[in-house]
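K.L.:
Quick one: the structure is below, questions incoming.
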Amino acid sequence: MDSKKNVQVGVSPKYPPIGPLSLWERARVRGLSDPGLFASTVQRSNHTQGLNVTTPRNTHLIVTARLISDFGAFLNMVALATYVYLLSNSAMSVGIFLASRVGGGIFASLIGTRFYRRWQGRAPLIAFDLLRAALLGLLLITPASQQAWLLPLIAFGLGLGNSMFAIGLNSQLPRLIAPAQLLKANAWITSASSAAMVGGSLVSGLLVAAFGFETVFALNALTYLLAALLIVPLRFEKTDVSEQPERGEWFALRQGLRSAPVVAAMLAVTMADTLGSAAHNVGFPIISKLLTPEAASTTLGLALAVWASGKLLGARIASHLKGSENSHLERRFFFGVALMSCGFILMFQQHGLYGLLLFALPAGLGDGVSEVSLMSRLQREPAALRLPIFSVLTLLQMSGFGIGMLVAAPFYAWWTPGAVVMLFHGIPLGTLCVVTLLRIRRGRVARSSPTPVP
Numbered sequence: 261m262d263s264k265k266n267v268q269v270g271v272s273p274k275y276p277p278i279g280p281l282s283l284w285e286r287a288r289v290r291g292l293s294d295p296g297l298f299a300s301t302v303q304r305s306n307h308t309q310g311l312n313v314t315t316p317r318n319t320h321l322i323v324t325a326r327l328i329s330d331f332g333a334f335l336n337m338v339a340l341a342t343y344v345y346l347l348s349n350s351a352m353s354v355g356i357f358l359a360s361r362v363g364g365g366i367f368a369s370l371i372g373t374r375f376y377r378r379w380q381g382r383a384p385l386i387a388f389d390l391l392r393a394a395l396l397g398l399l400l401i402t403p404a405s406q407q408a409w410l411l412p413l414i415a416f417g418l419g420l421g422n423s424m425f426a427i428g429l430n431s432q433l434p435r436l437i438a439p440a441q442l443l444k445a446n447a448w449i450t451s452a453s454s455a456a457m458v459g460g461s462l463v464s465g466l467l468v469a470a471f472g473f474e475t476v477f478a479l480n481a482l483t484y485l486l487a488a489l490l491i492v493p494l495r496f497e498k499t500d501v502s503e504q505p506e507r508g509e510w511f512a513l514r515q516g517l518r519s520a521p522v523v524a525a526m527l528a529v530t531m532a533d534t535l536g537s538a539a540h541n542v543g544f545p546i547i548s549k550l551l552t553p554e555a556a557s558t559t560l561g562l563a564l565a566v567w568a569s570g571k572l573l574g575a576r577i578a579s580h581l582k583g584s585e586n587s588h589l590e591r592r593f594f595f596g597v598a599l600m601s602c603g604f605i606l607m608f609q610q611h612g613l614y615g616l617l618l619f620a621l622p623a624g625l626g627d628g629v630s631e632v633s634l635m636s637r638l639q640r641e642p643a644a645l646r647l648p649i650f651s652v653l654t655l656l657q658m659s660g661f662g663i664g665m666l667v668a669a670p671f672y673a674w675w676t677p678g679a680v681v682m683l684f685h686g687i688p689l690g691t692l693c694v695v696t697l698l699r700i701r702r703g704r705v706a707r708s709s710p711t712p713v714p
C-alpha cells in the first residue's frame, strides 16, 4: 500500500517529511516496515558519522596521554620500590608495598562496573590522573620519618587509580573511536605503552642517580597532570539508555559469556597467563644476577628493553594483519599467548646474555599481538557487557599476578629459574591445549547436530 494514499488533507502526518522523500518512503527503500525504526537508524548513523570525524583527534590524544602516563607509571614502579627498600631496609616492606598496589587494583575491579555506570565520560579519567598526581605529591610534602606508614596507602591509591583508569578507558574506547579504527587504535595504545615501558625503566635509575628521588616523584606527578590535560578535549559518543542491563550486572555477564564461550575461554587463558607473567617477573632479577653477577641491573634493563621493543613491534604487526573478524582476533590472541609463553620458557633456559636477549624478542612479540587482539575483541561485545567484562579482566589480572608472585617465589629456592618459568608458563600453554580441544569438540557437535550450538 502506498503511504501517500493514506495522508489526509489538513492532517499533520505522524512522521513529518525530513527531505525530498518522507521517512515512510525512505524506510521502504531500505526494506524497513517501521519509519520510527528507520529514524533511529538515521540517528545512530549520524552519531557514527560524528564519531568518524573526531576519531583521528581522539586517537592522537589518547595515545599521547597513555604514552605520558605509562611513562610515569613505569618511572614510579622502579623508583618507588627502590625508595621503599632504602627507606626501610626491609624486603618485607617492599612486599607489603607491592601487595598494597595489587590490592588497590583488585578493589578497583570490584567497584569499577558500578562506578562507571554512574559516572561516565572524561571526568572520571581526569579525576584518577589527578588522584595519582596528588598521591605522589604527598611524598614531596611529608617528612621522610613519617612516610613509612604512608607508603602502603600511596601504593594502594596508585593501584586503584591505575586500574580504574584502565577499566574506564578500555570500556569506553568504542565511544571515542569509530568501530573500523578500533583495532589500529588499540595497536597504537599498546605501542605507546611499550615505548613508555622502555623509557621509564631505562631512565628511572639515571634520573634517581642524577637528581634524587624527590625530583623523580615531582616529574612523575607532572606526567599525570599532563595526561589529565590531554583527556579534557576528548569527545565521547552519547550513551544509549539501552546500554544499561535490565537485570543484575553479573547475571548479564554470565548470560553473555554463555552465549560467547570463546570470550570466556579468552578470559580463562588470560588468568593462566598472569600466573606465568608473575613467575618470570620474580625471576628476572634472579636470572640477571646468575648470568652477569657484576652487572645484574644492566642485564635486567636490557632484557626489559628488548622485551618491550618486541611488544611494540608485535602491536604494530597486529594492526597490519589481514582479517579483522572476531574469529581472526580470537586466533591471534591464542597464538600470541602461546608465542609469549614459549619465548619466556626459552629465554630462561639460556646460559648467556645474548641468548637471553634473543628470546626476549619473541616473548614481547607474542605479548603485543595478544594484548591488541584481546582488547579489540572484548570491545566488540555489546555495550551493556563491556564494562563488567573489563572489570572481570582487571580482577583476573590483578589477583592472578598477586597470587602468582606469592606462589612462584618459594620455587626459586628449590628449582632453577628455567624450571620454575617452564612450570608456570606451562599453565597457559596447558590451558590453550584444553581450549583448543574443546573448540574442536564443539565444532564436531555443531556439524553433527541439527540445532545450532551457541
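Heads up: the sequence shown begins at 261 in this note's numbering, then just goes up one per residue.
Ideal placement from N, C-alpha and C gives every residue a C-beta, glycine not left out.
Here the structure is a predicted model, which is why all the values come from computation and not from measurement.
ILE449: buried (16+ other C-beta within 10 angstroms of its C-beta) or exposed?
P.N.:
Indexing the sequence shown from 1 puts residue 449 at position 189. ILE449 comes out buried.
K.L.:
Which full runs of the alpha helix (DSSP H) of 4+ residues lie inside the segment 575–610, going along the chain?
P.N.:
Counting whole runs of 4 or more residues, the segment 575–610 contains the alpha helix (DSSP H) stretches 586–607.
K.L.:
Only counting the same chain, and skipping five residues up and downstream in sequence, which positions put a Cβ closer than 6 Å to that of VAL629?
P.N.:
Locating residue 629 in the sequence shown gives position 369, where the first residue counts as 1. Contacts found: GLY574, ALA578, ARG592 and GLY596.
K.L.:
Within the continuous alpha helix (DSSP H) that includes SER464, where are the two ends?
P.N.:
Translated into the one-based positions of the sequence shown, residue 464 becomes position 204. Residues 442–471.
K.L.:
Which whole-angstrom value describes the C-beta separation of PHE684 and ALA668, a residue pair presumed to lie in contact below a C-beta threshold of 8 Å?
P.N.:
Here residue 684 corresponds to residue number 424 of the sequence shown, with the count starting at 1. Here residue 668 corresponds to residue number 408 of the sequence shown, with the count starting at 1. Right, the Cβ-Cβ distance comes to about 6 Å (below 8 Å), so this counts as a contact.
K.L.:
How about GLY543 and PRO688: do their beta carbons lie closer than 9 Å?
P.N.:
The sequence position of residue 543 within the sequence shown is 283, counting from 1. The sequence position of residue 688 within the sequence shown is 428, counting from 1. No. Outside cutoff.
K.L.:
I'd like the span of the alpha helix (DSSP H) that includes SER630, first residue to last.
P.N.:
By 1-based counting over the sequence shown, the position of residue 630 is 370. Element bounds for SER630: 613–638.
K.L.:
Can the beta-carbon of LEU486 be found closer than 9 Å to that of ILE328?
P.N.:
Indexing the sequence shown from 1 puts residue 486 at position 226. Indexing the sequence shown from 1 puts residue 328 at position 68. Contact flag set, yes.
K.L.:
For ILE491, which three-state DSSP category applies?
P.N.:
By one-based count along the sequence shown, residue 491 stands at place 231. Reduced to three states, the DSSP call for ILE491 is helix.
K.L.:
Return yes when the Cβ of LEU625 is within less than 9 Å of the Cβ of GLY570, no when it is not.
P.N.:
On the sequence shown, position 310 is the one that residue 570 refers to. On the sequence shown, position 365 is the one that residue 625 refers to. Contact: yes.
K.L.:
Please determine, among VAL362, PHE367 and ALA644, the residue with the shortest C-alpha to C-alpha distance to GLN515.
P.N.:
Counted from its first residue, the sequence shown places residue 515 at position 255. With distances taken between Cα atoms, GLN515 lies closest to ALA644.
K.L.:
So for ASN430, helix, strand or coil by DSSP?
P.N.:
Taking the first residue of the sequence shown as 1, we reach residue 430 at position 170. Helix at ASN430.
K.L.:
Helix or strand or just coil, what does DSSP make of TRP675?
P.N.:
To locate residue 675, count along the sequence shown from 1; it is residue 415. Of the three classes helix, strand and coil, the one that applies to TRP675 here is coil, per DSSP.
K.L.:
Can you tell which of GLY662, ALA679, PHE608 and PRO642 has its C-alpha closest to the C-alpha of ARG361?
P.N.:
To locate residue 361, count along the sequence shown from 1; it is residue 101. It is GLY662.
K.L.:
How would you write the range of the alpha helix (DSSP H) that THR534 sits in, first residue to last?
P.N.:
Your numbering for residue 534 matches position 274 in the sequence shown. From DSSP, the alpha helix (DSSP H) with THR534 extends over 521–551.
K.L.:
Tell me the residue span of the alpha helix (DSSP H) that contains PRO384.
P.N.:
Locating residue 384 in the sequence shown gives position 124, counting from the first residue. Residues 382–401.
K.L.:
Taking its Cβ as the centre, do 16 or more other Cβ atoms sit within 10 Å of PRO384, making it buried, or is it exposed?
P.N.:
Along the sequence shown, read from residue 1 onward, the residue named residue 384 stands at position 124. Its Cβ being crowded by 16 or more others within 10 Å, PRO384 is buried.
K.L.:
Please classify LEU436: does DSSP put it in a helix, a strand, or coil?
P.N.:
Working through the sequence shown from its first residue, we reach residue 436 at position 176. Reduced to three states, the DSSP call for LEU436 is coil.
K.L.:
For ASN349, count the other beta carbons within 10 Å of its own beta carbon; 16 or more makes it buried, fewer makes it exposed. Which is it?
P.N.:
The residue labelled residue 349 in the question sits at position 89 within the sequence shown. Exposed, since its Cβ has fewer than 16 Cβ neighbours within 10 Å.
K.L.:
Taking the alpha carbon of ALA456 as the point to measure from, which residue in ILE386, TRP567, GLY364 and SER405 has its own alpha carbon closest?
P.N.:
On the sequence shown, residue 456 is found 196 positions in, with the first residue counted as 1. The candidate whose alpha carbon is nearest that of ALA456 is TRP567.
K.L.:
Quick check: the segment 608–626 against the segment 581–592, are at least 3 beta-carbon pairs closer than 8 Å?
P.N.:
Flag = no, the segment 581–592 and the segment 608–626 do not touch.
K.L.:
Roughly how many whole angstroms lie between the Cα atoms of SER659 and ALA333?
P.N.:
Residue numbering aside, residue 659 sits at position 399 when the sequence shown is read from its first letter. Residue numbering aside, residue 333 sits at position 73 when the sequence shown is read from its first letter. Approximately 19 Å between the Cα atoms of the pair.
K.L.:
Could you check what DSSP says for TRP567 in three-state terms: helix, strand or coil?
P.N.:
Along the sequence shown, one-based indexing puts residue 567 at 307. Three-state result, TRP567: helix.
K.L.:
Could you check whether SER369 and ILE427 sit closer than 9 Å to each other, using their CB atoms as the reference points?
P.N.:
Translated into positions along the sequence shown, residue 427 becomes position 167. Translated into positions along the sequence shown, residue 369 becomes position 109. It is a contact, given that the beta carbons lie within the stated cut-off.
K.L.:
I believe GLY381 touches GLY419 by the beta-carbon criterion, under 8 Å. Please report the beta-carbon distance rounded to the nearest angstrom.
P.N.:
As a position in the sequence shown, residue 381 is number 121, starting the count at 1. As a position in the sequence shown, residue 419 is number 159, starting the count at 1. Between GLY419 and GLY381 the Cβ distance is about 23 Å, and since that is not below 8 Å, they are no contact.
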